[in-house]
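Below is one structure, written out as structure tokens; the observations come after it.
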């Protein structure tokens, strides 16, 4: 009855797990597979089961639970699609997008950095923009932007500064910085 209602593409693995359990190779199992609902549609389920044995060790029953995980899988698929959508927007934008820790350490730098400064995104990860700011701009940036953002006010701070390119020259950039807050409104990073 169970196998008749299991999706044809999933019967083999379910049968294998059951056979291994019956033979004693597998004490219990967890498996995700598709199972036919009463309306004929397929639901993704997660099953956990074990074989019950009599005193002589012979299998007498299967005990387990099956949970419909269709909504979870649909939500995970939607999340993957959304993440891919925003990754493509960021990766192919000519506008620079960066994410920093609260101390300014780069955690994400979009590929637009290469066109602007000749640096590859990986060249900046783990470093701070202060390593690349023109020395004359350090104090102003720290006072005007970084300190303000760290206060956690959800304001966007615009600033202009000189950024050192890979060839040693400086290029004027203009960015908008906004604090990133956690659930308790603590600044956990900065978005530029």
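In our numbering, the protein residues as written are 35 to 226. Beta carbons are placed, not taken as given, at the ideal position from N, Cα and C, and that holds for glycine. Source: prediction; values computed, not measured.
**Message:** Quick check on this structure: which residue in 98, 57, 39, 95 has the alpha carbon closest to the alpha carbon of residue 74?
**Reply:** 39
**Asked** Can residue 78 and residue 68 be called in contact, C-beta distance under 7 Å?
**Response** yes
**Residue from 135, 52, 191, 130 whose Cα sits closest to the Cα of residue 178** = 191
**Request:** Report the residue from 157, 84, 65 whose alpha carbon sits nearest the alpha carbon of residue 199.
**Result:** 157
**Item:** Buried or exposed by the 16-neighbour rule on C-beta atoms within 10 Å, applied to residue 116
**Value:** exposed
**Prompt:** When burial is assigned at 16 or more other CB atoms within 10 Å of the CB, is residue 144 buried or exposed?
**Reply:** buried
**Message:** For residue 166, count the other beta carbons within 10 Å of its own beta carbon; 16 or more makes it buried, fewer makes it exposed. Which is it?
**Reply:** buried
**Prompt:** According to the Cβ coordinates, are residue 214 and residue 225 closer than 7 Å?
**Reply:** yes
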